[in-house]
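If you read the protein sequences in the order shown, they are chains A and B.
If you're matching positions, the first sequence starts at 1 in the working numbering and goes up one per residue.
If you're matching positions, the second sequence starts at 1001 in the working numbering and goes up one per residue.
Even for Gly, the Cβ is constructed at its ideal location relative to N, Cα and C.
Since the structure is predicted, the reported quantities are computational estimates derived from the model, not experimental observations.
Okay, so here's the structure we're looking at.
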Amino acid sequence: MTADIRTTAPVHRPATPAAPAAKSPRRRGRWGVHIFLMAVSLAFLAPLLLAVYASLRPYQETAQHGYLSWPKHLSLDYYRRAYTESGMGKYFTNTLMIAVPAVLVTLFLASFVAFAVSRLRLRGGIVLLMFFTAGNLLPQQVIVTPLYVLFNKITLPWWMSDSLTMYDSYWAVIIVNIGFQMGFCVFVLANFMRTLPQEILEAAIVDGAGVWTQFWRITLPLCRPALAALATLEFTWIYNDFLWALIFISNPDKLPITSSLNNLRGQFFTDYNLLAAGSVLVALPTILVFLLLQRHFIAGLTLGSTKG
Amino acid sequence: MALTFPRRAGRRRRLRRFTRRDAVVLGVLLGIPILLDIAIVWGPTLASIGLSFTAWDGIGSIHWIGLDNYKNLADNYPPFWPAVRHNIMWLLFLGLIATPFGLFLAVLIDRGVRFSRFYQSVLYMPVVLSLAIVGFIAQLILGTDQGVINTILNNHDDPIDWLGNSHLNLWMIMIAAGWRHVGYVMILYLAGLKAVDPQLKEAAAIDGANERQTFFRVVFPTMRPVNVIVGVITVIEALRAFDIVYAVNKGRNGLELLSVLITENIIGEASRIGFGSAIAVVLLVVSLGFIVTFLVQELRGARER
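Encoded structure:
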């Protein structure tokens, strides 16, 4: 578990692995702590487990006996129905069409800004960093109205958007996600790049490397752990985003999966177990990402907070 | 932002002038993100402020009406003050209950219990769920007729309407939102605690401090960067809260929040863009207060580096 977080910045903090050893004598007699943590963990897991449990049982049964009763029938039928009846596959595709380009472009642009701010020592670098970081902290609703008006006014050719405007197209959601998420990535990457040894860059400069080479060939490869962490995190965030698509997309067929949940509820409202199955299906990708890439996920969140 | 160098530039060879190619690379690759940030974030922020002094339905002409929107907001818009109150309650709930609880869990886990990895993963799991899904799960558990809680309470004759009762529902939703917030805070503090130099704790112990004193007087203050970030996240989450109430009942009947009111005024049937912007400005002013505090802290940190 210690390795979990320390992998985030191996360059920075090499000299603390002795710490856990000092704690072992206190380990005995900790049943209270274990019972408490167990109870809290159970309470945290219970809602998810209940949703899964409910989704496996027919509605008639839970309607009669409540969600906590002993099961008589268990089946995956609701999952099949939730997937096919709502056309979920389409919404998953929509999400990918938004999230993949948004994550890639965000990371590319943000990493260059972070590079310029933290490695090139430009005058005004700090101001630039603040400019991006602060933008990410604004509540989304503060900027939503003018963007809504703006996107309605921007026309696009039909091959880019069948609504002929930026409004009601993926472009709107992608570009807003990029603009909005860049701030966080700049902040994290700048903090990370500061921990890289400056000597590598100096050596490259002596060899005559230009700014682009210093960035693309020298700095970026060293940032792989940070980029992986941010990609994981940003993908989850954009996947989970609800508001942007709700406002910028009017055609229900174009909604990404999280925003389409509201419509799914319309179709499922008579049957909560079906809704539970739908929710579990929608949550599944992020949970899988989390379980498989947990290390990156946590690293992404913590990189920004502990100065690398 | 000028592409010039700090004063010490002349000293070392590496800080010679950028070549023309370098200048182009810098111009393009800094220019695009800056323009994008202006177009998507800062421009619209200023536009919101401007629009808040106008009356506009989004289609017809824009009328300048001065402070009328703000007057109406305070005097003739019934959901406004409840929404403000709910946002404040949300902030207090996250700040006084969820955040300290997350810190507490982080401290427990950091002390080196067995299975800590398991606890960490479980407690963190809700963070990856979207608030919209958290809203649905809340409905499943808190539903009136077959909801889990009411089944446990076995109150068929007089079921409690957890999400419908306007005195109760905000608390239920805040607990659901807290479920997600606790894990987030915990993970940040776990990283923060790892970064604390163990020698500090040893030194405090040698000086005769007990565990509690060591934590509050030594460890907690040294985690200042994390504290600042956690503080900012807590405030911003409280001000941004939207998805979960919107997923439950579109933010009505006791679940009004400023963010919901803004959204309702823009995409609702009335489309009162000027008025919605005025609410947005209220939200902006409150959040800017905290953002500026955060930036000042960061600046101070950057100077130390």
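*asked:* Counting only C-beta atoms, is R57/A closer than 8 Å to chain B at any point?
replied: To locate residue 57/A, count along the first sequence from 1; it is residue 57. With 8 Å as the cut-off, R57/A does not count as an interface residue toward chain B.
_Min CB distance R1297/B to chain A below 8 Å_ = As a position in the second sequence, residue 1297/B is number 297, starting the count at 1. Before going further, note that residue 1297/B is Gln rather than Arg in the sequence given. Closer than 8 Å: no.
*How many Å lie between H1063/B and I1097/B at the Cα?*
Here residue 1063/B corresponds to residue number 63 of the second sequence, with the count starting at 1. Here residue 1097/B corresponds to residue number 97 of the second sequence, with the count starting at 1. As the crow flies, the alpha-carbon of H1063/B is around 45 Å from that of I1097/B.
_Short CB-CB distance (under 8 Å) between R1021/B and chain A_ = Translated into the one-based positions of the second sequence, residue 1021/B becomes position 21. Chain A contact via Cβ: present.
*Is any beta-carbon of chain B found at less than 8 Å from that of Q141/A?*
Here residue 141/A corresponds to residue number 141 of the first sequence, with the count starting at 1. Judged by the 8 Å Cβ criterion, Q141/A is in contact with chain B.
*Please report how far the alpha carbon of M1089/B lies from the alpha carbon of H1167/B, in whole angstroms.*
As a working note, residue 1089/B is residue 89 in the second sequence. As a working note, residue 1167/B is residue 167 in the second sequence. Their Cα atoms are separated by approximately 13 Å.
*Starting from T1045/B, find everything on chain A with Cβ-Cβ shorter than 7 Å and list it in chain order.*
To locate residue 1045/B, count along the second sequence from 1; it is residue 45. Neighbours of T1045/B on chain A, chain order: L138, V142 and I143.
*Going along chain B, which residues have a C-beta under 7 Å from F184/A?*
Your numbering for residue 184/A matches position 184 in the first sequence. Here the premise fails: no neighbours, minimum Cβ distance about 11 Å.
*Whose Cβ in chain B lies nearer than 8 Å to the Cβ of H73/A?*
Working through the first sequence from its first residue, we reach residue 73/A at position 73. The premise fails here: H73/A is roughly 16 Å from chain B at the closest Cβ pair, so nothing lies under 8 Å.
*Which class does T95/A belong to by DSSP, given the choice of helix, strand or coil?*
Taking the first residue of the first sequence as position 1, residue 95/A is located at position 95. It is helical.
*Return the CA-CA distance between G1268/B and Y148/A, expressed in angstroms with no decimal places.*
The residue you call residue 1268/B lines up with position 268 of the second sequence. The residue you call residue 148/A lines up with position 148 of the first sequence. The alpha-carbon atoms of G1268/B and Y148/A are separated by roughly 13 Å.
*Can you list the residues of chain B that Q294/A reaches, using a CB-CB cut of under 7 Å?*
Taking the first sequence and counting its residues from 1, the one referred to as residue 294/A is at position 294. Within chain B, the residues near Q294/A are S1121.
*asked:* Please report whether the beta-carbon of P47/A lies at a distance below 8 Å from any beta-carbon of chain B.
replied: Here the question's residue 47/A lines up with position 47 in the first sequence. The beta carbon of P47/A sits closer than 8 Å to some beta carbon of chain B.
*Would you say L1073/B and I1279/B are within 8 Å of each other, going by their C-beta atoms?*
Along the second sequence, read from residue 1 onward, the residue named residue 1073/B stands at position 73. Along the second sequence, read from residue 1 onward, the residue named residue 1279/B stands at position 279. Yes; because the gap between Cβ atoms is below 8 Å, this pair is in contact.
*Are M97/A and D1037/B closer than 8 Å when you measure CB to CB?*
Here residue 97/A corresponds to residue number 97 of the first sequence, with the count starting at 1. Here residue 1037/B corresponds to residue number 37 of the second sequence, with the count starting at 1. Contact flag unset, no.
*Can you give the Cα-Cα distance for L1131/B and L1239/B, rounded to whole angstroms?*
Within the second sequence, the letter at position 131 stands for residue 1131/B. Within the second sequence, the letter at position 239 stands for residue 1239/B. L1239/B has its alpha-carbon roughly 14 Å from the corresponding atom of L1131/B.
*Work out the CA separation of R119/A and C185/A for me, nearest whole Å.*
As a working note, residue 185/A is residue 185 in the first sequence. As a working note, residue 119/A is residue 119 in the first sequence. C-alpha of C185/A to C-alpha of R119/A: approximately 16 Å in a straight line.
*Neighbourhood of N240/A by C-beta distance below 7 Å, restricted to the same chain and skipping five residues each side*: Locating residue 240/A in the first sequence gives position 240, counting from the first residue. T258 and T286.
*Cβ-Cβ distance between A188/A and L128/A below 8 Å*: As a working mapping, residue 188/A is identified with position 188 in the first sequence. As a working mapping, residue 128/A is identified with position 128 in the first sequence. Sequence inspection shows Val at residue 188/A; the Ala mentioned does not correspond to that position. L128/A is positioned such that its CB atom lies no closer than 8 Å to that of V188/A.
*Of all the residues that make up the stretch 1234-1265 of chain B, which are near chain A by a beta-carbon distance shorter than 8 Å?*
Those would be I1236, L1239, R1240, F1242, D1243, Y1246, A1247, L1258, S1259, I1262 and T1263, in chain order.
_Neighbour list for G87/A in chain B, Cβ cutoff strictly below 7 Å_ = As a first step, residue 87/A must be located in the first sequence, where it is residue number 87. Those do not exist, as G87/A stays about 18 Å from chain B at its closest Cβ, beyond 7 Å.
*What residues in its chain sit with their C-beta under 6 Å from that of G1289/B, if we drop five residues either side in the sequence?*
The count along the second sequence starts at 1 and reaches residue 1289/B at position 289. So no residue of the chain qualifies.
*At which residues does the alpha helix (DSSP H) containing H1104/B begin and terminate?*
Walking along the second sequence from the start, residue 1104/B turns up at place 104. As written in the sequence, residue 1104/B is Phe, which differs from the His given in the question. Per DSSP, F1104/B belongs to the alpha helix (DSSP H) from T1099 to D1110.
*asked:* Check whether the stretch 1257-1277 of chain B and the stretch 1210-1224 of chain B are in contact - that is, three or more C-beta pairs closer than 8 Å.
replied: Counting Cβ pairs under 8 Å, fewer than three are found: no touch.
_Between which residues of its own chain and P47/A is the CB-CB distance below 8 Å, once the five residues before and five after are set aside?_
The residue given as residue 47/A occupies position 47 in the first sequence. Cβ neighbours of P47/A beyond the five flanking positions: none.
*Between P256/A, Q60/A and A226/A, which lies nearest to L196/A when the distance is taken from Cα to Cα?*
The sequence position of residue 196/A within the first sequence is 196, counting from 1. The candidate whose alpha carbon is nearest that of L196/A is A226/A.
*So which of L291/A, L261/A, D271/A and I218/A has the shortest CA-CA distance to K90/A?*
Walking along the first sequence from the start, residue 90/A turns up at place 90. Each of L291/A, L261/A, D271/A and I218/A was checked against the Cα of K90/A, and the nearest Cα belongs to L261/A.
*Just by C-beta distance, which residues in the stretch 1065-1094 of chain B are closer than 8 Å to chain A?*
Look at the stretch 1065-1094 of chain B: it has no residue with a C-beta under 8 Å from a C-beta of chain A.
_Output needed for A21/A: all residues of its chain with C-beta closer than 8 Å, excluding positions within five of it in sequence on either side, in chain order._
Counting from 1 along the first sequence, the entry for residue 21/A is found at position 21. Caution applies to A21/A, whose pLDDT of 44 falls short of 50 and renders its modelled position unreliable; the value that the coordinates give is listed next. Excluding positions up to five away in sequence, the list is empty.
*Rounded to the nearest angstrom, how far is the Cβ of I247/A from that of L255/A, given a contact under 8 Å?*
Locating residue 247/A in the first sequence gives position 247, where the first residue counts as 1. Locating residue 255/A in the first sequence gives position 255, where the first residue counts as 1. Going by Cβ atoms, the distance from I247/A to L255/A rounds to 11 Å, so no, they are not a contact pair.
*Would you report the Cα separation of F1104/B and S1287/B, rounded to the nearest angstrom?*
One-based indexing of the second sequence puts residue 1104/B at position 104. One-based indexing of the second sequence puts residue 1287/B at position 287. Answer to the nearest angstrom: the Cα atoms are 26 Å apart.
*How many Å lie between N136/A and F180/A at the Cα?*
As a first step, residue 136/A is located in the first sequence; it is residue number 136 there, counting from the start. As a first step, residue 180/A is located in the first sequence; it is residue number 180 there, counting from the start. Roughly 6 Å between the two C-alpha positions.
*Got a sec? Which residues, its chain only, sit under 7 Å from Y1119/B by beta carbon, not counting five neighbours each side?*
Here residue 1119/B refers to the residue found at position 119 of the second sequence. In chain order, I1109 place their CB closer than 7 Å to the CB of Y1119/B, counting only its own chain and leaving out the 5 sequence neighbours on each side.
*Stretch-stretch touch, CB-based, cutoff 8 Å, three pairs: the stretch 1136-1151 of chain B with the stretch 1170-1177 of chain B*: Yes, the stretch 1136-1151 of chain B touches the stretch 1170-1177 of chain B.
*Supposed close pair T1234/B, L138/A - CB separation, criterion 8 Å*: Your numbering for residue 1234/B matches position 234 in the second sequence. Your numbering for residue 138/A matches position 138 in the first sequence. Not quite, the Cβ-Cβ distance comes to about 16 Å (not below 8 Å), so this is no contact.
*Answer yes or no: do V1232/B and F1294/B have a C-beta to C-beta separation smaller than 8 Å?*
Counted from its first residue, the second sequence places residue 1232/B at position 232. Counted from its first residue, the second sequence places residue 1294/B at position 294. Yes, the Cβ-Cβ distance between V1232/B and F1294/B is below 8 Å.
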